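Q: Quick note: to get our numbering, add 1 to the position in the sequence shown (first position is 1).
Beta carbons are placed, not taken as given, at the ideal position from N, Cα and C, and that holds for glycine.
Quantities reported herein were computed from a predicted structural model and do not represent experimental measurements.
This structure is in structure tokens; I'll ask about it shortly.
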Amino acid sequence: MSELSYARYGKDNVRLYKVHKDQETGVQSVTEMTVCSLLEGDIGESYTAADNSPIVATDTQKQTVYILAKQNPVTPPELFASILGNHFVSTYKHIHAAHIKITVHRWARMTVEGKPHPHSFMRDGAETRVVEAVAREGEGISIRSGINGLLVLKSTGSAFYGFHMDEYTKLPETWDRILSTEVECGWHWKKFAGLEDVRSVVPEFDAAWEAARTITLETFAKENSPSVQNTMYKMCDQILAAVPLTEAIEYSLPNKHYFEIDLSWHKGLKNTGKDAEVFAPQSDPNGLIQCTVTRKGKSAKL
Ligand SMILES: O=c1[nH]c(=O)c2[nH]c(=O)[nH]c2[nH]1
Numbered sequence: 002m003s004e005l006s007y008a009r010y011g012k013d014n015v016r017l018y019k020v021h022k023d024q025e026t027g028v029q030s031v032t033e034m035t036v037c038s039l040l041e042g043d044i045g046e047s048y049t050a051a052d053n054s055p056i057v058a059t060d061t062q063k064q065t066v067y068i069l070a071k072q073n074p075v076t077p078p079e080l081f082a083s084i085l086g087n088h089f090v091s092t093y094k095h096i097h098a099a100h101i102k103i104t105v106h107r108w109a110r111m112t113v114e115g116k117p118h119p120h121s122f123m124r125d126g127a128e129t130r131v132v133e134a135v136a137r138e139g140e141g142i143s144i145r146s147g148i149n150g151l152l153v154l155k156s157t158g159s160a161f162y163g164f165h166m167d168e169y170t171k172l173p174e175t176w177d178r179i180l181s182t183e184v185e186c187g188w189h190w191k192k193f194a195g196l197e198d199v200r201s202v203v204p205e206f207d208a209a210w211e212a213a214r215t216i217t218l219e220t221f222a223k224e225n226s227p228s229v230q231n232t233m234y235k236m237c238d239q240i241l242a243a244v245p246l247t248e249a250i251e252y253s254l255p256n257k258h259y260f261e262i263d264l265s266w267h268k269g270l271k272n273t274g275k276d277a278e279v280f281a282p283q284s285d286p287n288g289l290i291q292c293t294v295t296r297k298g299k300s301a302k303l
């Protein structure tokens, strides 16, 4: 009558902190991350026939995260996610795929009395670095890296005009507006043949993250933006050029609106157009603009 058509299970929200203590200098470095591990394979009977024998317990998956974090580097997160995924598919014959998601939280080294402090850090923003790796038996490792939660705003240098107009259009054209968004950016790497293939390009992962972050911030700041759509496309184009091992770049950008407030009712106060200084930030609704950009000739069409 019924049949199991999809099954995947594991541990989510495994929080992990690792410290590296440089014995010579006394300088310590820290990494804090949240891991999600989900396994697929010949596990159907555990759902349909109450046979728990194929279940690698979610607690076992959590312990594995801790043990492999002790035995291996946890940075870059692309490598650690691949180590975890590879472990699950190579250790258990009946597990054929492992989906590992890692969210890295920021701990920026404090500057104290003008010098980098050896063991004190601060959370300098809600921005996270994210990695999703899928290790599939016999098929290698796919990795998507990204940046989430990077909140940015520019107070000018953004316009939006020339858009389609009809009897439903109320929005006026503007040549000078506030632009604010919370960046969600991702980049898909070429498929890796296996863990050794991932290891062979380890320096590329931090370099790609640096490049994507710098391109995002500098394009946002420097460009006179004609629209969110065009600005994000230019970001994608530059990341593809800067990181040759990527195959696709994607952005998801909310357009966080700031509305002018007409205060002319109060003694003729001028606060619109070129006189606008006090605005009302809107929590909702927001625009939401998304795209994926691939190398020419290799695209999944819109
Ligand atoms: O950059 C923008 N893109 C849009 O699609 C859009 N729509 C809208 O109302 N404002 C904006 N701004």
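#1: With a CB to CB cut of under 6 Å and the five nearest residues on each side skipped, what residues in its chain are close to Ile101?
#2: Can you tell me the Cα-Cα spacing of Thr104 and Pro119, whole angstroms?
#3: Among Ile240, Lys271, Leu241, Ala160, whose alpha-carbon lies nearest the alpha-carbon of Asn256?
#4: Rounded to a whole number of angstroms, what is the C-alpha to C-alpha distance between Ala281 and Leu264?
#5: On the DSSP bridge assignment, give the partners of Val36 in chain order.
#6: How would you call Met2, buried or exposed, if buried means at least 16 neighbouring beta carbons within 10 angstroms?
#7: Would you please state the rounded distance, in angstroms, between the beta carbons of Thr232 and Val184? I believe it to be under 8 Å.
#8: On the premise that Trp210 lies in contact with Arg130, defined as a C-beta separation below 8 Å, what is that separation, rounded to the nearest angstrom?
#9: Are Ile250 and Trp176 touching if we call contact CB-CB under 8 Å?
#10: Would you mind working out which of Met236, Val199, Gln64, Lys275 sits nearest Thr215, comparing C-alpha positions?
#11: In three-state DSSP terms, what is Gln283?
#12: With a 10 Å radius around its C-beta and 16 neighbouring C-beta atoms as the bar for buried, classify Pro204 as buried or exposed.
#13: For a cutoff of 8 Å on Cβ pairs, would you count Leu5 as touching chain C?
#14: Considering only heavy atoms of ligand 1, does any lie closer than 7 Å to the CB of Ser228?
#15: Within 10 angstroms of its Cβ, does Tyr252 collect 16 or more other Cβ (buried), or is it exposed?
#16: Bridge partners for Leu254 per DSSP, in chain order?
#17: Mind checking whether Ala136 and Ala98 have CB atoms under 8 Å apart?
#18: Consider the C-beta atom of Gly163 and the heavy atoms of ligand 1; say whether any pair is separated by less than 7 Å.
#19: Excluding the 5 residues preceding and the 5 following Gln24 in the sequence, name in chain order all residues of the same chain whose CB lies nearer than 6 Å to its CB.
#20: Within the same chain, show all residues whose beta-carbon is closer than 7 Å to that of Asp238, passing over the 5 residues directly before and after it, in chain order.
#21: If you measure between the beta carbons of Gly126 and Arg110, is that distance less than 8 Å?
#22: Val75 to Thr32, Cα distance in whole Å?
#23: Could you tell me the distance, in whole angstroms, from the CA atom of Phe260 to the CA atom of Gln283?
#24: Among Leu17, Val28, Ile44, Ser30, which residue has its Cα nearest to the Cα of Ile68?
#25: With a threshold of 7 Å, establish whether the CB of Asn256 neighbours any heavy atom of ligand 1.
#26: Return yes when at least one heavy atom of ligand 1 lies under 7 Å from the C-beta of Gly158, else no.
#27: Spatial neighbours of Tyr234 within its chain, please: C-beta separation below 8 Å, excluding the five flanking residues on both sides.
#28: In this structure, what does DSSP give as the bridge partners for Ser143?
#29: How would you write the range of the beta strand (DSSP E) that Thr182 sits in, first residue to last?
A: Judging by the given coordinates:
#1: Answer for Ile101: Ser38, Ala82, Leu85, Gly86, Ala134, listed in chain order.
#2: Between Thr104 and Pro119, the alpha-carbon positions lie close to 24 Å from each other.
#3: When each option's Cα is compared against that of Asn256, the closest is Ala160.
#4: Rounded to the nearest angstrom, the two C-alpha atoms are 12 Å apart.
#5: Listed as beta-bridge partners of Val36 by DSSP are Val15, Ile103.
#6: So Met2 counts as exposed.
#7: Approximately 11 Å separates the beta-carbon atoms of Thr232 and Val184; this is outside 8 Å, ruling out the contact.
#8: Right, their Cβ atoms sit about 6 Å apart.
#9: It is not a contact, given that the beta carbons lie outside the stated cut-off.
#10: Nearest C-alpha to Thr215: Met236.
#11: In the structure shown, Gln283 adopts coil according to DSSP, grouped into three states.
#12: Burial call: exposed.
#13: Protein chain content of the structure displayed is limited to a single chain, and chain C is not contained in it.
#14: Ser228 Cβ: within cutoff of ligand 1.
#15: A residue is called buried when at least 16 other Cβ atoms come within 10 angstroms of its Cβ; Tyr252 meets this threshold and is buried.
#16: The secondary-structure analysis by DSSP pairs Leu254 across a beta bridge with Ile290.
#17: The answer is yes: Cβ separation under 8 Å.
#18: Checking the Cβ of Gly163 against ligand 1 gives no.
#19: Result list for Gln24: empty, nothing under 6 Å.
#20: If we look at Asp238 and ignore the five residues flanking it on each side, its Cβ neighbours are Val294.
#21: Not a contact, by the Cβ cut-off of 8 Å.
#22: Their backbone Cα atoms lie some 8 Å apart in a straight line.
#23: Approximately 7 Å, taken between the alpha carbons.
#24: The shortest Cα separation from Ile68 among Leu17, Val28, Ile44, Ser30 belongs to Leu17.
#25: True, at least one ligand heavy atom lies under 7 Å from that Cβ.
#26: Gly158: no, Cβ never under 7 Å from ligand 1.
#27: Excluding positions up to five away in sequence, the list reads Cys292, Val294.
#28: Note: Ser143 sits in a beta bridge opposite Val135.
#29: Start and end: 180 to 190.
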